[in-house]
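In the working numbering, the protein residues as written are 6 to 521.
First comes the structure, then the notes that go with it.
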Ligand code: TNX
């Protein structure tokens, strides 16, 4: 018998005798504390199987039983299936959720379809799975600023993350090209900053332009729905408001936030805008208000402040900024960038949250409890860990999902170097050369999906999958021997059919889809 073809691959899994047939009498039994998880399992299995699978608290007879067993530990689960039924034990609710995802994968791939399939045999093969994640931050960053991803697509993306046992969605909500979250006290951020006149669709390599307006934003109710849906799936949403660079959309809405105070439009080209926030106290106050609303919407421990790629030219050429720097005893513009981040970071920290920022924030003094997203390779990860900060690794050459998936000439928009499925699978978020104590600072990693050239939900599927399957397994399993060929055959044989059933438009193994 072949071992169960789960993805991410579990720590241990073996086949066991017999099978459990789902039928009209099958129930899902769960204690009250797991009622919501049981209901989600029911709604995951019911449509395709056409079975009612009612949830009960005290089921008797064969069925699916969910239980909590805290001694298993955070996010861990144990699944046992056989003729007597299926038993899923979780160290916590998230462990039970992961066990439910594993159960779904044990069934035929058509279980992922959304309407009844009459001619399938709904049998769970006998198996014993014991499993737990290696890293506790298993994430994806979605850039919804460059191209807005409608709410329903974010909800679907969360479902796909949960299927891969990913647990952190970093939402990049603001950038030069768009502001995507409603802020009640500053309505123009979305009224003006949420829309742009046109988009430059080409890359720097092929800079065709197309006069196509673009925009959209999430209302606060949308955000609450996204956060709640993620929570039901065991996923934390970490918001990011990018300051003091990447802020042209905010400046377009409120010119007084800019250095020159001139009227600018929401940026219509890619790349980094020269327009940065000014360093007035009033601007810090404005963003304190923004972060207050963000912290009220997102219950996450970590709050993203951005901090990446801040051009210094406007600050250099502006007498008022130079005056402010002198007053504050700041030697140069790098010190001003650090000052800005430190002010925002202090506000976030005062609210009891922890600051999350791109590795550029290491250039300044930071409050304790910061986590650093190391994107320029792994150097940021090393520096942060040595300075005692937590680390989330996301090196561009391994886990940037906007980079092309191959050298094939037909890959849509060939951004930067290829990041192949094999590169993604080799991802190890712990850099070499750290002591054990420093290495323990690495919370995990995330893949980053920047969307300059990912302009539709179809393209999100194409760029994210199947590389995200590889990243999810790398983060679930952690370092240690990993067999890419085994992964690839499991992916092709067992997992892509699941994505097919869900309608995920991943990049096929045979080469790029004919997009253009
Ligand atoms: C760098 S990674 C950026 C993004 C771009 C990305 C394109 C980072 C913190 N900043 O603004 O979208 O490259 O690959």
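Glycine included, every Cβ here is placed at the ideal spot set by N, Cα and C.
Being a predicted model, the structure only gives us computed values, none of them experimental.
Q) What is the C-beta distance between residue 219 and residue 152, in whole angstroms, given that I count them as a contact (C-beta under 8 Å)? A) 7 Å
**Q.** CB contact flag (residue 356, residue 447, <9 Å)
**A.** no
**Q.** Three-state class that DSSP yields for residue 209 in the structure shown
**A.** Its pLDDT being 42, under 50, residue 209 is placed unreliably by the model, and the measurement read from it follows with that caveat. It is coil, neither helix nor strand.
**Q.** DSSP bridge partner residues for residue 93 (one or two, in chain order)
**A.** 71 and 84
**Q.** beta-carbon residue 457 near the ligand TNX non-hydrogen atom, thresh 8 Å
**A.** yes
Q. What do you reckon, is the C-beta of residue 380 under 8 Å from a heavy atom of the ligand TNX?
A. yes
Q. What are the start and end residues of the alpha helix (DSSP H) that includes residue 294?
A. 286-302
Q: Answer with buried or exposed for residue 174, where buried requires no fewer than 16 other C-beta atoms within 10 angstroms of its C-beta.
A: buried
Q.
Could you compute how far the alpha carbon of residue 30 sits from the alpha carbon of residue 51?
A. 13 Å
Q. How many angstroms separate the CA atom of residue 510 from the CA atom of residue 416?
A. 14 Å
Q | Integer-rounded CB distance, given that residue 387 should sit under 8 Å from residue 162 | A | Actually they are not in contact, since the Cβ atoms of residue 162 and residue 387 sit about 31 Å apart, beyond 8 Å.
Q. Between which two residues does the alpha helix (DSSP H) carrying residue 596 extend?
A. Residue 596 lies beyond the residue range present for the chain, which begins at 6 and ends at 521; the question has no answer from this structure.
Q: Please confirm whether residue 176 and residue 231 have their CB atoms less than 9 Å apart.
A: yes
(Q) Quick check: what's the CA-CA separation for residue 82 versus residue 441? (A) 27 Å
**Q.** Contiguous beta strand (DSSP E) assignments of at least 3 residues, all confined to the segment 126-173
**A.** 128-136 and 142-148
Q. Where do the ends of the beta strand (DSSP E) carrying residue 247 lie?
A. 241-248
(Q) As a quick exercise: from 195, 323 and 124, pick the residue whose alpha carbon is nearest that of residue 271. (A) 195
Q | Host beta strand (DSSP E) of residue 24 (start-end) | A | 17-26
Q) Counting only beta-carbon atoms, is residue 277 nearer than 9 Å to chain C? A) Of the protein chains in the structure, only one exists, and it is not chain C.
Q: Compute every distance between the C-beta of residue 416 and the non-hydrogen atoms of the ligand TNX, then say whether any falls below 8 Å.
A: no
Q. Which one or two residues does DSSP pair with residue 359 in a beta bridge?
A. 307
Q) Out of curiosity, what's the CA-to-CA distance linking residue 273 and residue 462? A) 20 Å
Q.
With a threshold of 8 Å (Cβ to nearest heavy atom), would residue 363 be considered close to the ligand TNX?
A. yes
Q: Using 8 Å as the cut-off, classify the Cβ of residue 315 as near or not near the heavy atoms of the ligand TNX, replying yes or no.
A: no
Q) Just to confirm, does residue 420 get its C-beta within under 8 Å of one of the non-hydrogen atoms of the ligand TNX? A) yes
(Q) Let me check one thing: in DSSP terms, what residues is residue 33 bridge-paired to? (A) 60 and 69
Q. Under a three-way DSSP split, which group does residue 201 fall into?
A. strand
Q) Three-state secondary structure (DSSP) at residue 504? A) helix
Q: Output the distance between the C-alpha atoms of residue 502 and residue 486, rounded to the nearest integer angstrom.
A: 26 Å
Q: Tell me whether residue 511 sits in a helix, a strand or coil according to DSSP, three-state version.
A: coil
Q) Alpha carbon to alpha carbon, what distance is there between residue 292 and residue 277? A) 20 Å
Q: Taking residue 401 as the reference, give the member of 450, 369 and 58 with the closest Cα.
A: 450
Q. Is the segment 122-140 touching the segment 52-59 in the sense that three or more CB pairs, one from each, lie closer than 8 Å?
A. yes
Q: Look at the alpha carbon of residue 193 and the alpha carbon of residue 166, and state the distance between them as a whole number of angstroms.
A: 32 Å
Q. Does the beta carbon of residue 468 fall short of 8 Å from some heavy atom of the ligand TNX?
A. no
Q.
Judging by CA-CA distance, which residue of 436, 240 and 95 is the nearest neighbour of residue 135?
A. 95
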